[in-house]
Amino acid sequence: MVTARQRQCPSGKRASWRQEGSRERAVPGGIPARPAAAPRGLFQAAPCASVLLDGAGNLSDFNEAFRALLGLKRTRAASGSFSACVERGSLAEFLRHLRGCRLDGNVSAASISLQSQKGSAIPVRLHTRMFRGEGQTGYHIVIIDDAERMAAHELEQCARERKAQLQWTVSELESFSYTLSHNMRSPIRAIQGYAELVAEAVTDSASDETKAYLGRIMSSARRLDALIQDVLRYSSLGQATVEIGPVDLNDLVRSIAEEPPDLGAPRAKIEIAGRLLPVMGHEGFLTQCVSNLLSNAIKFVAPGVKPRVRIWTETQGAFVQLWVSDNGVGIAQQDQARIFKVFERCQHPREIDGTGIGLAIVRRAAERMSGSAGVESQPGQGSKFWIKLRRLRP
Amino acid sequence: MKTNSDGLILVVEDNEDDVFFLKMAFEDAHIVNPVHVVSDGEAAIRYLAGEGEFGDRKKYPLPALMLLDLKLPRCPGLDLLRWVQERKVLGFPAIVFTSSSYAADIKAAYAAGVASFVVKPLTVEERRHFAGLIRDYWLGCNMVPPRL
Chain E
47 MVTARQRQCP SGKRASWRQE GSRERAVPGG IPARPAAAPR GLFQAAPCAS VLLDGAGNLS
107 DFNEAFRALL GLKRTRAASG SFSACVERGS LAEFLRHLRG CRLDGNVSAA SISLQSQKGS
167 AIPVRLHTRM FRGEGQTGYH IVIIDDAERM AAHELEQCAR ERKAQLQWTV SELESFSYTL
227 SHNMRSPIRA IQGYAELVAE AVTDSASDET KAYLGRIMSS ARRLDALIQD VLRYSSLGQA
287 TVEIGPVDLN DLVRSIAEEP PDLGAPRAKI EIAGRLLPVM GHEGFLTQCV SNLLSNAIKF
347 VAPGVKPRVR IWTETQGAFV QLWVSDNGVG IAQQDQARIF KVFERCQHPR EIDGTGIGLA
407 IVRRAAERMS GSAGVESQPG QGSKFWIKLR RLRP
Chain X
3 MKTNSDGLIL VVEDNEDDVF FLKMAFEDAH IVNPVHVVSD GEAAIRYLAG EGEFGDRKKY
63 PLPALMLLDL KLPRCPGLDL LRWVQERKVL GFPAIVFTSS SYAADIKAAY AAGVASFVVK
123 PLTVEERRHF AGLIRDYWLG CNMVPPRL
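Sequences listed follow chains E and X, in order. 47 is the number of the first residue of the first sequence in the numbering used here; add one for each residue after it. 3 is the number of the first residue of the second sequence in the numbering used here; add one for each residue after it.
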C-alpha cells in the first residue's frame, strides 16, 4: 500500500519506495540493514532471481524467478539451506563469492556457473549486498541469468572472427591478383619486345605471311596486357573503403573528352551540353567510368561512320544522371544486361578491340559510389549509357 | 656546376629482358652515359655505399640517376629507396621503373623519396620515347652535385 502522503510527494523530494510500516531499520554507522519484507511485490515479481540468505546460509526468502532458475519445487525450496539447492561444485564458487563480500554497504559482483541439483549449469552474474539485521548478518543476492548475454557475446565474437577472416581473404585476393598480374606483364613485355625486334630484323626478307604472324603475336601481347590492366582496375574497385566527396563532373568530363583515346577511327565529334552538374563521388572511379563510356561510345560505330557523342546531365531526385549517347551500332535488348558483366561482350565486328571488362568497371565503380549504371539502346539506333550518382547537397 | 650529361646511370633490375630492352632504348635515344646494372637491392646498396666489390669510386662513381624496379631479389626496391633516403648526402634522383601501377606502391615510393614513377612501357616505340625523355630531362636538365 502506498499512502496518500507519498503520492503527493512534492517534486524535488525523493519519494520513498518503502512501504509504510516497513520493518527495515537504519543501522548506525552506515551498515545496511536487512531490506526485510520491503517492496515485497517487486521482490517477488522481479524478472531476475533474488534471494535472501542468513549468515548460516539458510534461505530466508526468495522469489519466483529464483525458484524457476534452479528448478526448485515449491515444497522443497520453501525452507532449508541454500546448499541443498545447488550442486557441490557450483556451491564452492558461490561460497567463495560470499566470503568476498563485506559489510560496507557495497554490492559485490561475480560471474559464476550455477548448477542446480538436477538441472544443467547456467552462467550467472551475482550481485550481493551484505546486511545486518535482527542480530545477525545476511546476504541479499540478485542472480542474473547470463546465458543469453553469453550467447550474444559468443555470436558477436564469432561475427568478429568471420569479419577478420573475410578482410584477410579480400586483402589476400587483392595482393594475389596484383602480384599475379605484375608478374604476368613481364613475360608479355618480352613477347612483345622480341616480336618487334624480329619484325624489324626481317622487314626486307620475310614474306607477308610471316609478317602477319608476327603482327598477330604483337597484337595478342598488347591485348593480354590491356586485359591484365583492366582486371587490375576492376579488382581495385573492391577496396574496403571508398572515400566519397564532391566531384566537379564538368571539369572531369571536359578534360577526358579533350583527349579521346586514339582508336584509329576518324576523329570523333564530342558535344558536351551546357555545364555538367557536380556529384558526390570518387574522382579516380569517375575518371574510369567516364573514359570507359567515352571510349565505348567512340569505338562501337559502324565502319566508315564518324562517331558523334553527346554528353549531358540531369537531376533525378537525390541523384544526378550523366548521359553519354552515341551514334554507334546499338545493343539488342537481350544483350543489355549482359554487357555490364565481366568478360561479356556483344557480337561485334572482329576489328573492334576490347577486353570485355570496361562496362563491368563502370557499373561496379558507380555502385561503389552509391550509384548505378545502365543503358538505353536499340540496334542501329545508337546507345545512351548513363550513370547515376548522388547529387551534391547544397 | 655542370649538367649530368656524362654521369653514370645505375640500373637496378633483375629481369634480363628488361635490361636488354632498356639498354637498346638508351642506344636508340643516343644516350652515351655509362650504365651500370646490378640485379638486386643489396648489390645496389653495396654499390651506393662503395663497399665490397664496389670499393673503387673512380670505377664505380655515384650515379647521376638511378632506375630501379620495385620487385627485386634480396632487398625490395622500397627498402632500397628508404636506405637512400636516410643518407641524403648521396644526392641523385631515383626513378621507379616497374610493371606496377598499384596506388599503394606509387604512394609508398614517393614517401620513400622517389623523384619519378614510371610504368614499364610495352612496345619498342614507347620505350624509345621514355629513353628520349630521360636523355632530355633527367640527363639534360636535371642537376646533381658534382662528383669528385
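Ideal placement from N, C-alpha and C gives every residue a C-beta, glycine not left out.
Going by beta carbons, Q427/E and G350/E fall outside the 8 Å limit. What Y224/E touches in chain X, judged by beta-carbon distance under 8 Å, is S102 and Y104, going in chain order. With a cutoff of 8 Å on beta-carbon distance, G179/E and G101/E are scored as not near each other.
For the pair L332/E and V293/E, the CB atoms are nearer than the 8 Å cut-off. If you check the CB distance, R436/E and V325/E come in under 8 Å.
Of all residues in the stretch 72 to 88 of chain X, only K73 come within less than 8 Å of chain E when Cβ atoms are compared, listed by chain position. Proximity of the stretch 12 to 30 of chain X to the stretch 420 to 434 of chain E falls short of the contact definition, fewer than three beta-carbon pairs being nearer than 8 Å. If you draw a 10 Å sphere on the C-beta of Y280/E, you find 16 or more other C-beta atoms in it, and that means buried.
Within the model, the alpha-carbon separation for R148/E versus M176/E is close to 6 Å.
Taking C-beta atoms as the reference points, S101/X and R231/E count as a pair closer than 8 Å.
Secondary structure note for Y185/E: its beta strand (DSSP E) is the uninterrupted segment Q182 to D191.
Annotated three-state conformation of N104/E is strand, per DSSP.
Apart from sequence neighbours up to five positions away, no residue of its chain approaches E413/E with a beta-carbon distance below 6 Å. Not a single C-beta of chain X is nearer than 8 Å to the C-beta of A193/E. The Cβ atoms of L88/E and H186/E do not sit closer than 8 Å to each other. Listed along the chain, the chain E residues whose CB falls inside 9 Å of the CB of N35/X amount to none; the nearest CB is some 22 Å away. Between A111/X and I97/X, the alpha-carbon positions lie close to 9 Å from each other. The Cβ of N144/X sits no closer than 8 Å to any Cβ of chain E. Here V351/E carries a coil assignment [DSSP, helix/strand/coil].
In terms of Cβ geometry, S136/E and Q163/E do not form a close pair [threshold 8 Å]. With the criterion set as a beta carbon lying under 7 Å from some beta carbon of chain X, the members of the stretch 266 to 288 of chain E are R268 and D271, in sequence order. Under the three-state reduction of DSSP, E360/E is assigned to strand.
Between R235/E and L124/X, the gap from beta carbon to beta carbon is short of 8 Å.
Given a length threshold of 4 residues, each whole run of the alpha helix (DSSP H) inside the stretch 102 to 129 of chain X is given here in chain order: 105 to 113. Using a CB distance below 9 Å, no part of the stretch 151 to 177 of chain E faces chain X. Proximity of A236/E to chain X, defined by a Cβ-Cβ separation below 8 Å, is satisfied. Separation of the CB atoms of P36/X and L10/X is rounded to 5 Å, and the pair is thereby assigned contact status at 8 Å. G103/E has its alpha-carbon roughly 12 Å from the corresponding atom of R145/E. Counting C-beta atoms within 10 angstroms of its own C-beta, D276/E has 16 or more neighbours from the protein chains shown and is therefore classed as buried. For S266/E, the enclosing alpha helix (DSSP H) stretches over residues D254 to S282. With distances taken between CA atoms, E220/E lies nearest to G284/E out of G284/E, I302/E, V421/E and S157/E. C131/E counts as buried, since at least 16 other C-beta atoms from the protein chains shown sit within 10 angstroms of its C-beta.
Annotation for S41/X: D16 place their beta carbon closer than 6 Å to its own, counting only its chain and skipping 5 residues before and after. For D81/X, same chain residues with a beta-carbon under 7 Å away, outside a window of 5 residues either side, are G43 in chain order. The beta carbon of D30/X does not come within 8 Å of any beta carbon belonging to chain E, so the residue lies off that interface.
Counting only Cβ-Cβ distances below 7 Å, L24/X has no contacts in chain E at all, with the closest Cβ about 10 Å away.
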